[in-house]
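> Let me begin by handing over the structure; questions about it come next.
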């Protein structure tokens, strides 16, 4: 999955879309220059992380070998998952350029104990193994695609995690009420479009009041009482009837459930 770093150019006079070798905390890897000058609110990620040089033919050959190794590793990991009967779906495998780490990306409906899987993979590949569970937004970033605008989805080439989608500081946030939102406002990940985070000064996508705190609601076919809406903390708390433990979900997910009819006031 793509990660964004803001680094010094080391006087290389680079251009956007050029490939470079970078030294990051995980080791050496190939990266692509996304931009030369970045906004003032973004700071250099870490002065110790460096751009080493432009890629050469040998680096390209190494990258191609890694791509082949990733395909082989995917098949091996998939067979191990089936053997161990783990409730997870393997999505992709990424070798870091220098081969010092392999990352296996997967998704699952709940937390998975994959310690035995890691041990078996480490015995086969004899390098550092990382298993990373990702969500819907991460999956779209990983595989890419075209948005409703006809362009490549923003998360594949822009640091979409730099600020939250919900602009809590704007009185005209597009998320003032999400129920009834057109599907055109949802991305490939079925989450609100990342570009909406820059529409804080625009008119809201829709205007409908949220259920009031202490009102009775039904969510995912469970009755309960809405106890808390904390927009700045991106948290909604619901006391489910007959349950001692409160249900805590993100404000964004709560709005999505309202939009999908999975949550409503009763």
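Residue numbers (the numbering used here): 173 to 438. Glycine included, each C-beta is placed from N, C-alpha and C at the ideal position.
#1: Buried or exposed, going by whether 16 or more other CB atoms sit within 10 Å of the CB of residue 435?
#2: In the DSSP output, what is residue 199 paired with across the bridge?
#3: Got a sec? Which residues, its chain only, sit under 6 Å from residue 179 by beta carbon, not counting five neighbours each side?
#4: From the DSSP output, in three-state form, read off residue 455 for me.
#5: Going by DSSP in three states, residue 377 sits in which element: helix, strand or coil?
#6: Between which two residues does the beta strand (DSSP E) harbouring residue 249 extend?
#7: To the nearest angstrom, how far is the alpha carbon of residue 430 from that of residue 198?
#8: In angstroms, rounded to a whole number, what distance separates the CA positions of residue 347 and residue 292?
#9: Are there 16 or more other CB atoms within 10 angstroms of the CB of residue 321, so buried, or fewer, so exposed?
#10: Along the beta strand (DSSP E) that carries residue 435, what are the first and last residues, could you check?
#11: How many Å lie between residue 302 and residue 386 at the Cα?
#12: Hey, how far is the Cα of residue 319 from the Cα of residue 426?
#13: Are residue 276 and residue 284 closer than 8 Å when you measure CB to CB?
#14: Tell me the rounded alpha-carbon separation between residue 382 and residue 185.
#15: Between which residues of its own chain and residue 262 is the CB-CB distance below 8 Å, once the five residues before and five after are set aside?
Reading from the atomic positions:
#1: It counts as buried.
#2: Note: residue 199 sits in a beta bridge opposite 196.
#3: The answer, listed in chain order, is 221 and 223.
#4: With the chain covering 173 to 438 only, the question about residue 455 has no answer from this structure.
#5: Residue placement at residue 377 is flagged as unreliable, the pLDDT there being 39, under the threshold of 50; a coordinate-derived value is accordingly withheld.
#6: That residue, residue 249, is in no beta strand (DSSP E); its alpha helix (DSSP H) goes 229 to 256.
#7: Distance between the alpha carbons of residue 430 and residue 198: 40 Å.
#8: With a pLDDT of 48 at residue 347, under the threshold of 50, the modelled position of that residue is not reliable, and the figure given next carries that caveat. So the two alpha carbons sit approximately 45 Å from each other.
#9: Around the beta carbon of residue 321, fewer than 16 other beta carbons lie within 10 angstroms, which makes this residue exposed.
#10: Segment 435 to 437, the beta strand (DSSP E) holding residue 435.
#11: So the two alpha carbons sit approximately 43 Å from each other.
#12: Going from the Cα of residue 319 to the Cα of residue 426 covers about 23 Å.
#13: By the CB criterion at 8 Å, residue 276 and residue 284 fall outside the cutoff.
#14: If you draw a straight line from the Cα of residue 382 to the Cα of residue 185, it is about 51 Å long.
#15: Leaving aside the five residues that flank residue 262 on each side, the residues in its chain whose CB is nearer than 8 Å to its CB run, in chain order, 246, 249, 250, 253, 276, 277 and 278.
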